[in-house]
Every structure is written in structure tokens, then in C-alpha cells.
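Residue numbers (the UniProt record's numbering): 1 to 201.
Here it is as C-alpha cells:
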């Protein structure tokens, strides 16, 4: 772009960070942020959402937390998406306590949670084989009237596989029908994996 005399704006840099995320190149994503600073292009909220997502995809919670701090320093309050990415980073690193701490920080700062928040928590709990936490997050979603989605139950099915809870996985399929949540191919694949992993047949 520079060779062609085209000025890169914040959207171009955000797209570069997103490209890094797709390659799990979280360190390069940070380098893009430093490049923005050298080029005197001010990052926006989306920049830090992309950066925390890049760190989350690579399972780098410390880097994601640093991105949240950098976001504040740049004058942008952390968003729901930012915290969701921080929770995902801890989950992908197999750090349930860190995911819970991120949720607590989110609540303390008055940032509202959504379905993606709880999907990330369910994923974290499943990866750490904390089935009771998977069930607890579903209960909280119901109590707070946060809608479940097919992705929510896909995460639950994966957790059931990890925790050896094949009967619970079948029960979740019934629950989806009751809630009129349309199952996807991924839902059924995860259910079959849960049953194949632990069922006595």
C-alpha cells in the first residue's frame, strides 16, 4: 500500500491484526499495534477487540490481559467483546480460575455479559473437565434470561465429551428441543463424540 502511495488507515491495521489471528500469530498482532503507533495511526475500540481475539485464539491470556490494559491506556473502555476474548484466552489455555476472574472483573467494571460470555465460560469449564461449572453457567444463563444458542449447546456437548457425561449430552439435546434451539451438524457430531467416548456400547 505504501509503495502505491496509499495511506493505511485504522481499518487496514485492524484487518492486519485479524489476519494474524487467523494464523494464531499473536506476537505479530502486537507488532501491528506497535507499527500503528510508529505510523501515528490511533487505534480504536475495534483494534483492541481484534488484538484480544488474536491473543485468545492462540491461548495467550497474559497477552490478552496486557491488550486490555493497553486499551484502557489508549482511552478506550473495555467492551463486552474484549472481556469475552479475555475469558476465551484463559479457556484456551486451560485456566478455569483465570476465566472466572475475568468474568468477575467484567462485572466489577459494569460491562454486561451476553451469550458469547457464557459460551466462553462453558468452553473453559469443559476444557478443564469441570462439568459442575458447565451446568452452573447454564443455570446462570437461565436465571439471567440470557438466550442459549446452538453454539452454547455445541460447547456443552464438547464439554460432555471431555467430562465423560454422555447421558447428560443426550439430555441436552432434549433441552435444545424444548427451548426450540435448532441443532446443527456440529451439535450432532459433538453428541456422537460424547457417546463414543464414554457410552458402554
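C-beta: ideal position from N, C-alpha, C; glycine also.
Taking C-beta separations shorter than 7 Å and ignoring five residues to either side along the sequence, the partners of residue 68 in its chain run 52, 78, 82, 86, following chain order.
In this model, residue 112 and residue 140 are separated by some 14 Å (Cα to Cα).
When 116, 168, 170 are compared, the shortest CA-CA separation from residue 148 is found for 116.
Cβ-Cβ separation between residue 193 and residue 144: approximately 29 Å, too far for a contact (criterion under 8 Å).
Each of 159, 181, 178 was checked against the Cα of residue 191, and the nearest Cα belongs to 159. Rounded to whole angstroms, the gap between the alpha carbons of residue 130 and residue 137 is 11 Å. In terms of CA proximity to residue 22, 56 leads the group 39, 108, 185, 56.
DSSP places residue 20 in the helix class (H, G or I) of the three-state scheme. Just so you know, the alpha carbons of residue 54 and residue 46 end up roughly 12 Å apart. Taking C-alpha positions only, residue 97 is separated from residue 122 by approximately 13 Å. Residue 113 sits in coil when the DSSP states are folded into three classes, being neither helix nor strand.
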